[in-house]
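Asker: Encoded as structure tokens, here's the structure I'll be asking about.
Residue numbers (the numbering used here): 2 to 112.
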């Protein structure tokens, strides 16, 4: 799975360095190539990554190829979106959402 503009791919191998040790909060989309709602979220997440680049990093991780991280955070459905700040998950939500609703939820963890 390749990253969308502004949305990088992470793996089990680099999750700690790129997500848990990040200076900025990180929005992680747990995704899969076969997931229709995940594909619907791609342009929304690309927009958010571009618009909030100063305050937020947006990445995606393939649940099928990265089972260690998927299991560690008990991800059972795709898409699952988690925001990590200071190495800890501070927000978790499941399912595709419109951009305005997702931005509203993110506002609580970005301020």
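Ideal placement from N, C-alpha and C gives every residue a C-beta, glycine not left out.
Looking at the secondary structure, which residues open and close the beta strand (DSSP E) in which residue 55 lies?
Answerer: It is not in any beta strand (DSSP E) - residue 55 carries neither H nor E in the DSSP assignment.
Asker: Give me the Cβ distance between residue 48 and residue 98, rounded to the nearest whole Å; I'm assuming they're in contact under 8 angstroms.
Answerer: So it is not a contact: roughly 13 angstroms between Cβ atoms.
Asker: Tell me the rounded alpha-carbon separation between residue 77 and residue 44.
Answerer: 23 angstroms
Asker: Which parts of the segment 24-108 are runs of the beta strand (DSSP E), unbroken and 3 residues or longer, counting only runs that do not cross its ends?
Answerer: If we require 3 residues or more, the beta strand (DSSP E) runs fully inside the segment 24-108 come out as 27-32, 58-63, 81-86 and 89-95.
Asker: Is it buried or exposed for residue 63, if we count other Cβ within 10 angstroms and need 16 for buried?
Answerer: Result: buried.
Asker: With a threshold of 8 angstroms on Cβ separation, who are the neighbours of residue 75 within its own chain once the five nearest residues in sequence on each side are excluded?
Answerer: none
Asker: Taking the beta carbon of residue 17 as the centre, do at least 16 other beta carbons fall within 10 Å, making it buried, or is it exposed?
Answerer: With fewer than 16 neighbouring CB atoms inside 10 Å of its own CB, residue 17 falls in the exposed class.
Asker: From the DSSP secondary-structure annotation, give me the bridge partner or partners of residue 10.
Answerer: 61
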